[in-house]
Amino acid sequence: MCISNWPNKICNSEYKLDLPVKIPSSYSIVVLNVPSQWDEQTFGNELKQHYPSIVRAVRLFVKGGRPLNKVRLDFSSYKELSSILKSRRILLDDNNTAFTIEPYQAPTRVLRCHNCQAYNDHIAAHCPNKNDPICFRCGQHHSYNPNCDNPIRCVHCNGNHMAGNPVCPKKIEQRYETNQRQKLLNKTSDTQTPRQKSAWCGNTTAHLLGYEVVTDGDNNTNNQVDFIKMLEKINNTMLYIKDQQDELKSKFDAFDMKLNHYNQDINQMKFCINDILCPLIKEVSSQVIQKAKGLNKHILSPLYNKLVNFMSKTIPPSNVIDVPTEHTNTGECFTSNSDIN
């Protein structure tokens, strides 16, 4: 995450380094009890004197734009961040002023099916209503159309916004329910080490820098942070695998449709040849040979016999038209040498 950590060349070859625009949530923390009157950029620059890997300081707000006494810090190096997480406080200046911190939790992602627009149930690849899609723009039942000119209407709340809009009351409700479930899963007991909730001043540098004896509560907190990071990594991996599976399934579905189309064409060609062309050729040939005489009949008879034998072997008996002859069996009649002259 830090450009200075990368070499200028690799194997004497120059390269271009493109760092991600969005910093992972595991590289961020939240500083608590920062007065809302303070400028977060100035606060971040002061912290950067002790922690050079800080790249951004952002004030957190609640609904309506009211600022909170919380500031999110983004780091480019996890080395400094890990030491801060272990001590659970961040140093502001040389006067031993510090603030309590907590791991940053990214906003809860609300799953939405892009086919029927349902929340937290399935994705479009597994949608049970694939034949009845709902437009994310107008909320009507029709397939996806980027140029849909119907009035904008949310299918969930009938508001004048598209489905999935962050201000949608239904989406806010779904996010709240998901947060509550997540809190129940991540709830741990840390009553053994009550956290300090305000900025403090002291003369004990060792205590400030986290040199105090580690208690069971500290171990629980560290384990919780590691567990959260591990769950986040697993979740990101699962989402990536899911996207790859969906893409692969769509390709297989398209390939299967092409195979079915080709199979239909082949069956139609077989029907045309076996049920129409071959019986027609046999009927016409039979009439021609019956009227042929002499050398012409001698030349056409072997060809006609080959056609009859081929049809008897390759075409089911129900599809073969038996043409009655005036005299005897076709094979016997048309191989006689007495009609040459």
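So the sequence shown is numbered by our numbering: it starts at 21 and just counts up by one.
From the three backbone atoms N, C-alpha and C, an ideal C-beta is built for every residue, glycine too.
### Task
Output the distance between the C-alpha atoms of Val75 and Phe247, rounded to the nearest integer angstrom.
25 Å
### Message
So, under 8 Å CB-CB, Gly184 and Arg173 are touching, yes? Tell me the CB distance rounded to an integer number of Å.
### Response
At roughly 13 Å, the Cβ-Cβ gap does not stay under 8 Å, so Gly184 and Arg173 are not in contact.
### Query
From Asp59 to Val175, what does the alpha carbon distance come to, in whole angstroms?
41 Å
### Query
From this set, Ile43, Ser73 and Arg79, which residue's C-alpha is nearest Gln57's C-alpha?
Arg79
### Message
With the cut-off set at 7 Å, would you say Leu111 and His142 are in Cβ contact?
### Response
no
### Message
Can you tell me whether Gly64 is buried or exposed? The criterion is at least 16 other CB atoms within 10 Å of its CB, across all chains shown.
### Response
buried
### Message
Nearest by alpha-carbon distance to Phe330: which of Glu193, Ile301 and Asp113 is it?
### Response
Ile301
### Task
Sort out for me which residues DSSP pairs Tyr139 with in a bridge.
Arg132
### Task
Return the CA-CA distance between Lys333 and Cys168, expressed in angstroms with no decimal places.
58 Å
### Query
What number of angstroms, rounded off, separates the C-alpha of Asn53 from the C-alpha of Ile104?
16 Å
### Query
Can you give the beta carbon distance from Arg132 to Tyr139, rounded, assuming they're within the 8 Å contact cut?
6 Å
### Simplified DSSP assignment, three categories, for Phe156
coil
### Query
First and last residue of the alpha helix (DSSP H) that includes Asn89?
Per DSSP, Asn89 belongs to no alpha helix (DSSP H); it is in the beta strand (DSSP E), Pro87 to Phe95.
### Task
Below 6 Å CB to CB, which residues in the same chain sit around Ile147 once its five sequence neighbours on both sides are set aside?
In the sequence on display, residue 147 carries Cys and not Ile. So the list reads Cys133, Asn135 and Cys136, once near-sequence residues are dropped.
#### Entry: Through-space distance from Met258 to Gln202, alpha-carbon basis
17 Å
### Message
Restricting to Cα atoms, I'd like to know which of Leu67, Arg157, Gly85 and Glu122 is closest to Asn116.
### Response
Leu67
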